Structure formats: structure tokens, C-alpha cells
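Heads up: the sequence lines are chains U, V and H, in that order. With the first letter of the first sequence counted as 1, position 33 gets the number 33 in our numbering; the numbers rise by one all the way through. With the first letter of the second sequence counted as 1, position 37 gets the number 37 in our numbering; the numbers rise by one all the way through. With the first letter of the third sequence counted as 1, position 221 gets the number 221 in our numbering; the numbers rise by one all the way through. A virtual CB, placed ideally from N, CA and C, is assigned to each residue, including glycine. Quick caveat, the model's predicted, so the values are computed rather than measured. Notes to accompany the following structure.
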Amino acid sequence: MRSVYMAELEELNKKMISMGMLCENSVAKAAQSLVGLDRDLAAEVVAKREEINREEREIENFCIRLLLTQQPVARDLRMISSALKMVTDMERIGDQSTDIADVVRASSLQKIPEGLNFREMAESVIHMVTKSIDAFVNQDAVVADAIISYDDVVDSYFDSIKGKLVGLLKNDKSDTTDMLDLLMIAKYFERTGDHAVNIANWVIFSVTGENRGVQGK
Amino acid sequence: MSTILDVEKLNLWYGDHHALKDINVEIPKNRITALIGPSGCGKSTFLKTLNRMNDLVAGVKIEGDVLYNGQNIYDPSVDVTWIRKQIGMVFQKANPFPMSIYDNIAYGPRTHGIRSRVRLDEIVERTLRDAAIWEEVKDRLKKPALGLSGGQQQRLCIARALAVEPDILLMDESTSALDPISTGKIEELAQQLKEKYTVVMVTHNMQQAARISDECAFFLLGELVEFSATDKMFSTPTDKRTEDYITGRFG
Amino acid sequence: MSVKNPELSAEMPALSDSEKKSAERRKLWNINANFWLCFCAFLTMALLVFLIGYIAYRGVPHLTWQLIRSETSHLKHTIGILPNILNTLYIIVITMAIALPVSVGAAIYLTEYAGRTKLANIIEFATETLSGIPSIIYGLVGMLIFIQMFGLKQGILAGALTLVIMIMPVIIRTTQESLKTVPDAYREGALALGAGKWHMIRTVVLPNAIDGIVTGCILGIGRIVGESAALLFTAGFGLVLNGFVKAMQSSSATLTVALYVYASERGETDVAFAIAVILMILTFLINRLAKLAAKKLKKV
Chain U
1 MRSVYMAELE ELNKKMISMG MLCENSVAKA AQSLVGLDRD LAAEVVAKRE
51 EINREEREIE NFCIRLLLTQ QPVARDLRMI SSALKMVTDM ERIGDQSTDI
101 ADVVRASSLQ KIPEGLNFRE MAESVIHMVT KSIDAFVNQD AVVADAIISY
151 DDVVDSYFDS IKGKLVGLLK NDKSDTTDML DLLMIAKYFE RTGDHAVNIA
201 NWVIFSVTGE NRGVQGK
Chain V
1 MSTILDVEKL NLWYGDHHAL KDINVEIPKN RITALIGPSG CGKSTFLKTL
51 NRMNDLVAGV KIEGDVLYNG QNIYDPSVDV TWIRKQIGMV FQKANPFPMS
101 IYDNIAYGPR THGIRSRVRL DEIVERTLRD AAIWEEVKDR LKKPALGLSG
151 GQQQRLCIAR ALAVEPDILL MDESTSALDP ISTGKIEELA QQLKEKYTVV
201 MVTHNMQQAA RISDECAFFL LGELVEFSAT DKMFSTPTDK RTEDYITGRF
251 G
Chain H
1 MSVKNPELSA EMPALSDSEK KSAERRKLWN INANFWLCFC AFLTMALLVF
51 LIGYIAYRGV PHLTWQLIRS ETSHLKHTIG ILPNILNTLY IIVITMAIAL
101 PVSVGAAIYL TEYAGRTKLA NIIEFATETL SGIPSIIYGL VGMLIFIQMF
151 GLKQGILAGA LTLVIMIMPV IIRTTQESLK TVPDAYREGA LALGAGKWHM
201 IRTVVLPNAI DGIVTGCILG IGRIVGESAA LLFTAGFGLV LNGFVKAMQS
251 SSATLTVALY VYASERGETD VAFAIAVILM ILTFLINRLA KLAAKKLKKV
């Protein structure tokens, strides 16, 4: 039994969970800051960016050192190499949340127009991020598969919001800058969903060895 | 990918101890096949059944067939010295004879009737080149073989085995007693040899198996647990016992 | 500088009175034992020196050229031990010619072919027991079998055959030990190249065991030279000079038997001591030769 090695694999797991939670929180707070137009909350999200980046680098270095010292094979190799790829997506999720918070803070928006289901979209995205990290922790390919399919839901929210924003812009009744801000925020949420799908794909690789390729950045 | 050795229902007993249990495997031609497994699992025993070196052990009983190009090597009518010429072996510890380098290489051919000085010279040079050691020893062929370093002695033994022109080369942990540089040279050598020969090697070093072998067989307690392409075995093994062994969960 | 621990100090601790007394006793005991051991070694050396010295003193003056070159003649009233020297040589040649191939063959069989079987164990036990039997019994048996049963006449042939039985265990043992020192790795290596078993033995094992075999032979010859009891009734007491073939079937005394004859039956103790000197020189030479051969052959 390689007890040092086993302990290190455990630690990798813990680090991944910790970073996962950071990202989940960022997304949740960014969504909340949007819905409540709470600029102070947005500032908190922005402040967290450095911490997320630092954790990404830490986990990367940890994985590379594990590859060097323990020469993992099979299940372990898949787990470590997919962790290496996943932290990139998690860091990007952090970035998207920060971008949303930045827009919220800089925007002059006073109220979210009726009929734009940002709350539902945000909840779906938060659900995807949470579940993808759960799937990694539990090495559960079934949950990962479910997330990949669920992305369609998020995409359809985006299409709906985009369509309504186009309508509002044509009506010329609202501030163009504000509408464009909302479009960008919607896009950021949609990209977050894509990154959650990437994480789910890497989980499937870790569990089954099947490499399905990832969606574009 | 054709098969050169077809092992069917092979069982082996050392006295009462059932050392090999119902082994069925097809060794492919011109490939490197690695045999891995924990100590005492039977991989060296299995290797030695392939050239009937186990016949030398007192109290051994063998059942089953080992078909070499279709012919069972355990058939009583088969000449065992011919089998050992066709299926050569390199041992864990280099064992050059206490003779000159030239005589070591020439021993095999002379045993099989080649006396002509010209032919022997040619064989000695060719096999020493094949074993990537010609440049190092060409000026001291008449010097004792025991004066060479460990890594050189082992390459000499490989050349000696090649001198009788076998089809298959069996390597029984041939690099485990060597330093990393010598090991590296022999690993490269094995990869070149597979163009003309078939290599079956027992190894304790899993990185070595992953590095150079094409096919891999995992033995445990006398059974052949899994046999698959090396890439597959080391990334997505089928049997949990295989995975547990190669990831170090036991053994 | 840190404070040093008094218990771990490097100085010698002060001794109490009783401790000093036992230290003294131990010293005396050591000196005592040393002395007595040296004395024993000295005694052994002294015995050897005395033995050699006395024999040389008694024998060398009578060691004449004429003694060695001629035959005892009643007519001329001279004594010559040439026949005995020749008889010794004849018997060495015949004995070794028969014993060597048979013993080496047996040793090869036991070591290489028979392995750990019951038969091999019995044969090994037999050879070990044979080497412990007193040589006079060999003489008796030799006489009964070769002379009475086979009908041979008392002579070098009967004597040689008796000696063959006697030194076979010696040569078998030393050959076996020598064969066992050849590493199995060589045997495996040769067999793995497709060599047959006998070919492997002939080309790889024997050349490497040759030093031990030669040593065994030389020591066997030493035993032959020194043997007397076994030859008394088988080779006989004859002091006549014979050719090789005639000696086979005529009573012929070797040097050792001649020593006995001259000393006890003829009362020529001077001659006996002279023969003793020759035998001692021969023994010494044979032992040196054995050591030299082992060293020389080992280098190959």
C-alpha cells in the first residue's frame, strides 16, 4: 500500500472540492448581485478573483508534482490529468462571475425589465456548476451525463433572453447601453454553463476513460 | 498481427504446488509482450515453459500445449535442443561463460555444427552489432568476457542468444540488476529487435512495461488475469485486480 | 559551549578497589591462556621437526646413488631399491589409468544426472563409508577377490586393482566438490542455447572443474605412494627387478612395502630409513605439485 500516495490523492480531492465551492459561491453571489442590483455584493465577487486564480495555480502544481513523483497509471492517471484540465474550467467560471459582477457595478441599470428570466437562468447555471463538481467528487458519470444534456436548458434561456432584448431595443423605449449590458451578462451565464459541461466531460473521462472532447472556449 | 506462440490450457505443478493454472494466451509475432505481476505469481515459471527450461526442475509436471508455429513443443517427438535454439533466453543475472568474448558468441553456433572460421567471424560481428555492443568490444574479442561491466555482459548475453538465430527471445527480468543507463540501452535494443524477432519479457518495473511493450499479460497467483494491449491495460484495465496491482493498491 | 553531561564524559571513570582486583585477575588469566596455547603450537611444531630431523639424520647418510640405481643382489651383497621405485611407478600408472575415468565418470553421473534421487544418496553414502575403512581390510578383500577368486597372481595388477577400490572414493569426492563449484548459471546458459546435456558438461562444466579434478588426482597419487597395508598380500614382497608386463603378475614390493621388508625381516634399518627419506621427499613434492596445479589451473 502506498500510503503517502493515497494521502496525496485524498488531498487533491479536498483541494478540488474547496476550489469548486469557491466557484459555486462566486456564481451564486454574481447572480444575486444582478437580481438585487446589489453593487456592494458585486464588489465582493470581484475581490474573490485573486483567490480563485491562486487556487488554480496551486492545484496545477500539485498535480504536476504527483505525476512526477508517483507515476500514476489507469484510474489514478485519469483522475489527476482530468483534475488538471478541470481547474482551468473552474477558473474560467470564476472569471465569468467576476465579469458579470464588473458589469453590474459599472452599469447604470436600475431595474431588470419584465419577462427576462435571469433568475431562472442563474439558478440553472448554479445547479450545473454545483452538480458538475459533485460528479467529480463522487466520480459519478451518470450525473455528469445529465449535466451535459441539461445545458440545452441554459441555452434555451439564453435564446429567450436574447430574443426579448432584441425586441426591447427595436421598441426604442429603453436605454441601449443597459440592454447591451444585460446581453453580455446573459452571455457570461451561458458560457459558465458551457464550462460546467466541460467539467462534466472530464469527469466522464476520469471515470470511464472516454474522451469526448470539449466545447470551444 | 499473427500468433507465434499459442498456449492452451497450460497447467504446471512443482510437486503438489499448482503453480500455473489453466493459462490460455496467444503471443503475437514481432511484438514485445510483457509479463507483469507480484512476486510468486508465476510469470517467470510461465516464461520458462516457453522454452522448456522448466524440464530441468525436479518434480515438475506440465499439462497442456504450447504451440510454436502450430507444433506442440511438449510433444515427445520434438527435439528439445532445437526448441531452445529457436526460442532463446536471456537471464536475470548476466551469465557469460568464463571464456573470451569471441568464444562466448561462437559457443552456440559451434554447438550446432558451424566450424568455419569465416562464418563464425561473421556471426560474431553481426550479433555484437545487433546487440549494440560491437563498437565497445571489437578490439578485445579475445579478452575474457568476465572483464566487461554488468550492462555490457548482459548485452553480450543477448548477442550470444541471437547468434543461434532464434525466432523468439525470452528475457527474464534482464535489466533488474543493471543501472539506469544500461537498462535504457537494453530497452532501446529490445525495441529494435522486435523487427526481426519476437520478445517476451518478464519485468517487475511497470514503467518499463508501459514504456516498451506492445502487449501486456498480468499474472496473479498462477492465473493469467488479463492480457491486452499495453496502452489499454495502463489506462483502462478491465479487471479490478489488474487495476489494483498497477496502481499500487497491493503487491 | 553547552554544559557537558557527566555520564557521557569521554574520560575514564574512576575504579573502585574490588573492580581493580578483578581487572587484574582477568589480565593474568589472559596471559596464562596465551602462554598455554603458544606452548601447544610449539609442541606440535617440535614434534614435526623432531620426526623429520630424526629420519633425515638416520636416513640421509645411507642414501647412496648405488642404492637407488641398483637391484638387491645376494651374490654381490648389495642392496638396491630400484625395483621398488619402479614398482611404485607401475602401480601409480595402472591404478590411475583405471580409477580416474571410472571415478570422474561416477562423479559426473552423481552430480549432473542423478541429482537428489534415492539412488544417488545411497551411492554417496557408500563412497563416504568406503573412505573410512582401514586399508588392511582392503588388502584382505583384495587378496580374496583378485587373487583367490579371479585367479590373478600376486603382483602389481592385483595391487593396483585393490588400490583402485581404495582411492575411488577420494577422487569421486573431490571431483564432485569441484563440479559443484561450477555455477548453475553456466549450465543454464549453455542449455538455453540449445546444447545437449553431455555437450554442456563437456564444454562448459568440465573445463571449469578441471582444477579440482587434477588436485584430487594428485592427492590420490599421494595416497597410493603412501599405502602399504593394502599391498602386503596383493602386490607382494618381491624385491626382484621386473619389466612392466612381468611385474603385473609377479610379486613386487613398492617402496613402502620394501621399507617394511628391509626393516623387520632383513634387519637393514639403515636402508629402511633411507627409503623413509625418499618417501618423505616424494610426499612433500606431491603436495606442492597439487597446490601449484590448483593455482595454475584456477587462473584459466
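Any C-beta of chain U under 8 Å from that of Gln-208(V): For Gln-208(V), the answer is no, since every Cβ of chain U falls outside 8 Å of its Cβ.
Please name the residue or residues paired with Ile-168(V) in a DSSP beta bridge. Ile-87(V), Thr-198(V)
In this structure, how does DSSP classify Phe-237(H) when only helix, strand and coil are distinguished? coil
Taking C-alpha atoms, which residue in Ile-213(H), Leu-289(H), Ile-108(H), Lys-118(H) lies nearest to Ile-201(H)? Ile-108(H)
Given this structure, state the Cα-to-Cα distance separating Asn-138(U) from Val-57(V), to the nearest angstrom. The straight-line gap separating the alpha-carbon atoms of Asn-138(U) and Val-57(V) is approximately 51 Å.
Interface positions of the stretch 109-142 of chain V facing chain H (Cβ-Cβ less than 7 Å), listed along the chain: Thr-111, His-112
Can you check whether the CB of Gly-236(H) is closer than 8 Å to the CB of Ala-247(H)? no
Spell out the partners DSSP gives His-18(V) in its beta bridges. Answer by DSSP bridge pairing, in chain order: Trp-13(V).
Check Lys-217(U) in the structure and name its three-state DSSP category. Note that Lys-217(U) scores a pLDDT of 41, beneath 50, so its modelled location is shaky; the value from the coordinates is reported in the next line. The answer is coil: DSSP assigns Lys-217(U) none of H, G, I, E or B.
Of the residues Leu-189(V), Val-90(V), Gln-192(V), which one's Cα is nearest the Cα of Ser-44(V)? Val-90(V)
Taking the alpha carbon of Val-214(H) as the point to measure from, which residue in Thr-127(H), Tyr-262(H), Gly-243(H), Arg-288(H) has its own alpha carbon closest? Per the Cα distances, Arg-288(H).
Starting from the beta carbon of Asp-76(U), find every residue of chain V whose beta carbon is closer than 8 Å, and list them in chain order. Thr-247
Bounding residues of the beta strand (DSSP E) (the contiguous stretch that carries Asp-95(U)): Segment 74-106 is the alpha helix (DSSP H) holding Asp-95(U); no beta strand (DSSP E) there.
When you compare only the Cα positions, how much space is there between Tyr-138(H) and Leu-219(H)? Distance from the CA atom of Tyr-138(H) to the CA atom of Leu-219(H), rounded to whole angstroms, is 19 Å.
Arg-266(H) at chain V interface by Cβ criterion, 8 Å: no
CB contact check: Tyr-109(H) to chain V, cutoff 8 Å: no
Give the secondary structure of Gln-71(V) by DSSP, where H, G and I count as helix, E and B as strand, and everything else as coil. strand
If Gly-59(V) and Leu-10(V) are in contact, beta carbons under 8 Å, what's the gap, nearest whole angstrom? With 8 Å as the limit, Gly-59(V) and Leu-10(V) do not qualify as a contact, their Cβ atoms being about 18 Å apart.
Three Cβ pairs or more, each shorter than 8 Å: is that satisfied between the stretch 136-156 of chain H and the stretch 226-233 of chain H? yes
Reducing DSSP to helix, strand and coil, say where Glu-128(H) ends up. helix
Along the alpha helix (DSSP H) that carries Leu-12(U), what are the first and last residues, could you check? 3-35 is the extent of the alpha helix (DSSP H) around Leu-12(U).
Leaving out five residues before and five after Phe-62(U) in sequence, what residues of the same chain have Cβ atoms less than 7 Å from its Cβ? Leu-12, Lys-15
Residues that DSSP places opposite Ile-32(V) in a beta bridge: Secondary-structure assignment with DSSP links Ile-32(V) through a beta bridge to Val-199(V).
With a CB to CB cut of under 6 Å and the five nearest residues on each side skipped, what residues in its chain are close to Ile-98(H)? Val-164
Does the distance from the CB of Asn-54(V) to the CB of Leu-12(V) come in under 8 Å? yes
With a cut-off of 8 Å, do at least 3 Cβ pairs link the stretch 158-173 of chain V to the stretch 88-103 of chain V? A contact is defined here as three or more CB-CB pairs under 8 Å, and the stretch 158-173 of chain V meets this definition with respect to the stretch 88-103 of chain V.
DSSP three-state assignment for Ile-156(H), whether helix, strand or coil: Per DSSP, reduced to three states, the secondary structure at Ile-156(H) is helical.
From what residue to what residue does the beta strand (DSSP E) around Leu-224(V) run? 223-229
Ignore the nearest five residues each way along the sequence and tell me which others in Val-203(U)'s own chain have a CB closer than 6 Å to its CB. Counting only residues of its own chain and dropping the five nearest sequence neighbours on each side, Val-203(U) has a CB closer than 6 Å to the CB of Ala-135, Phe-136, Ala-144.
Amino acids of chain V, ordered along the chain, whose beta-carbon sits closer than 9 Å to that of Glu-324(H): The structure shown does not extend to residue 324(H), since chain H is modelled only from 1 through 300, so no value can be given for it.
DSSP state of Cys-216(V), grouped into three classes? strand
If you follow the beta strand (DSSP E) that Glu-123(U) is in, where does it begin and where does it stop? Counting along the chain, Glu-123(U) falls outside any beta strand (DSSP E), though it belongs to the alpha helix (DSSP H) covering 118-138.
Among the candidates Gly-238(H), Ser-22(H), Leu-130(H), whose CA atom is the shortest distance from the CA of Ile-156(H)? Gly-238(H)
DSSP-derived helix/strand/coil call for Ile-136(H): Secondary structure of Ile-136(H) (DSSP, three-state): helix.
Could you tell me if Pro-76(V) is buried or exposed, where buried requires 16 or more neighbouring beta carbons within 10 angstroms of its beta carbon? exposed
By alpha-carbon positions, which one of Lys-138(V), Trp-82(V), Ile-62(V) ends up nearest to Gly-15(V)? Ile-62(V)
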